[in-house]
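One structure is given below, encoded as structure tokens.
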Amino acid sequence: MTADVLAAHRALYDAVETGDADLMTALWVDDPDTSCVHPGAPMLRGTADVVRSWIVLMAHVGYIQFFLTDVEVTLLPAAEGTPTTAVVTCTESVLSGQPGDSEGLSAATSFGAGTAISTSILVRDGSGWKFWLRHASPVATMSDEGEDA
881 MTADVLAAHR ALYDAVETGD ADLMTALWVD DPDTSCVHPG APMLRGTADV
931 VRSWIVLMAH VGYIQFFLTD VEVTLLPAAE GTPTTAVVTC TESVLSGQPG
981 DSEGLSAATS FGAGTAISTS ILVRDGSGWK FWLRHASPVA TMSDEGEDA
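Okay, so the sequence shown: first residue is 881 according to the numbering used here, each after it adds one.
Rendered as structure tokens:
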């Protein structure tokens, strides 16, 4: 069962990395209380707004890759039988890039990186595990001078 949760969790990152809007849509529970908080952004509520935010993100990034570490799954006990709720926490290291300005000195891709801590709640319905909530918070990094970077 944990493997199925992890597969659904990884599918979200695969959808973003490949720009697969249909997969992203299929991964979320259709519910007005579904919610998502992207790093540094306000909470979005409702499946349509959540999925739209992912599609906009996918449309505006040239390259993105997620490296997940510290992935932990907790299956919440069900009143009867098999668990229907899972909590997944992880550290996301994100590498993203946009093509450079072709009129500038270089047309090379400029890359950026960041780290976030993510908590997701997935629920099991008749078609498998789906996201009900995802909240990611950026991790502040310290520069050599000891100030937030």
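All C-beta atoms in this analysis are idealised placements derived from N, C-alpha and C, irrespective of residue type, glycine included. These numbers were taken from a predicted model, which means no experiment stands behind them.
- request: Taking 8 Å as the threshold, find out whether the region 961-973 comes into contact with the region 923-932 through three or more Cβ pairs.
  value: No: the two stretches stay apart, fewer than three of their Cβ pairs being nearer than 8 Å.
- prompt: How is the beta strand (DSSP E) around serine 1017 delimited, first residue to last?
  reply: Run containing serine 1017: 1008-1018, per the beta strand (DSSP E) assignment.
query: Run through DSSP, which three-state label would tyrosine 1003 get?
result: Per the sequence shown, residue 1003 should be read as valine rather than tyrosine. DSSP places valine 1003 in strand when its eight states are reduced to three.
message: Can you tell me which residues form a DSSP beta bridge with valine 974?
response: The partner list for valine 974 (beta bridge, DSSP) reads Phe946 and Gly994.
field: Under 8 Å between C-beta atoms of valine 917 and alanine 1016
entry: Contact: yes.
query: Helix, strand or coil for valine 909 per DSSP?
result: In the structure shown, valine 909 sits in coil (DSSP, three-state: anything other than H, G, I, E or B).
task: Compare the beta carbon distance of serine 915 and leucine 907 with 8 Å and say whether it is the shorter of the two.
output: Cβ atoms of serine 915 and leucine 907: not closer than 8 Å.
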